[in-house]
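One structure below.
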Amino acid sequence: MKASFRIWRGDARGGDFRDYATEVAEGMVVLDAVHRIQAEQANDLAVRWNCKAGKCGSCSAEVNGLPRLMCMTRLSDLPLEEPAPGGWRSGTSSACKSSASASSASSARTSAT
Ligand code: FES
Numbered sequence: 001m002k003a004s005f006r007i008w009r010g011d012a013r014g015g016d017f018r019d020y021a022t023e024v025a026e027g028m029v030v031l032d033a034v035h036r037i038q039a040e041q042a043n044d045l046a047v048r049w050n051c052k053a054g055k056c057g058s059c060s061a062e063v064n065g066l067p068r069l070m071c072m073t074r075l076s077d078l079p080l081e082e083p084a085p086g087g088w089r090s091g092t093s094s095a096c097k098s099s100a101s102a103s104s105a106s107s108a109r110t111s112a113t
């Protein structure tokens, strides 16, 4: 199944939402999907994470309007049938500004296509 993500991309000058679609599979979490998008479509996308175990908080983000840890938020728990209001937003921006050309994964809505 393919899911759609609306991801906030930004840098020091500002930013906007961009839409991505990627394959998702059973057991994936939001962070997995964002990493897939990063690997396949947006290799300048900066995504902050560390433990992938819900311990460090580095991957905190606003997912479909609610604060979440991307590594602990299963896609199966999200309404992928249609985009949710709000979106997700990175908890911090420091990792998003790791280089001048990098932009951040800081906000998205999900839906299946
Ligand atoms: S990567 Fe550490 S809490 Fe998600």
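Numbered by this note's numbering, the letters in the sequence shown go through residues 1 to 113 in order.
Ideal Cβ placement from N, Cα and C applies to all residues, glycine included.
Predicted model only: the values in this text are computed from it and were never measured.
What separation, rounded to the nearest whole angstrom, lies between the Cα atoms of residue i and residue j?
{"i": "Thr73", "j": "Pro67", "result": "10 Å"}
{"i": "Arg13", "j": "Ser60", "result": "22 Å"}
{"i": "Thr22", "j": "Leu80", "result": "12 Å"}
{"i": "Lys52", "j": "His35", "result": "12 Å"}
{"i": "Ile7", "j": "Gly15", "result": "10 Å"}
{"i": "Asp32", "j": "Met70", "result": "8 Å"}
{"i": "Tyr20", "j": "Lys55", "result": "28 Å"}
{"i": "Asp11", "j": "Glu26", "result": "33 Å"}
{"i": "Val47", "j": "Gln38", "result": "8 Å"}
{"i": "Phe17", "j": "Glu40", "result": "18 Å"}
{"i": "Trp49", "j": "Ser58", "result": "5 Å"}
Could you tell me which residues DSSP pairs with residue i in its beta bridges?
{"i": "Pro67", "result": "Glu62"}
{"i": "Lys2", "result": "Glu23"}
{"i": "Trp8", "result": "Phe17"}
{"i": "Val34", "result": "DSSP, once it has assigned bridges, lists no residue as partnering Val34."}
{"i": "Val29", "result": "Arg74"}
Skipping 5 residues on each side, what residues in its chain have a beta carbon closer than 6 Å to that of residue i?
{"i": "Gly86", "result": "Since pLDDT at Gly86 reaches only 44, below the 50 mark, its modelled position is unreliable, and the value read off the structure follows with that caveat. Once the five neighbours on either side are set aside, the close Cβ partners of Gly86 are Asn64 and Gly65."}
{"i": "Leu75", "result": "Val24 and Met28"}
{"i": "Ala42", "result": "none"}
Is it right to say residue i is buried, meaning 16 or more other beta carbons lie within 10 angstroms of its own, or is it exposed?
{"i": "Arg9", "result": "buried"}
{"i": "Ala3", "result": "buried"}
{"i": "Trp88", "result": "Note that Trp88 has pLDDT 44, beneath the 50 cutoff, so the model's placement of it is unreliable and no number is given."}
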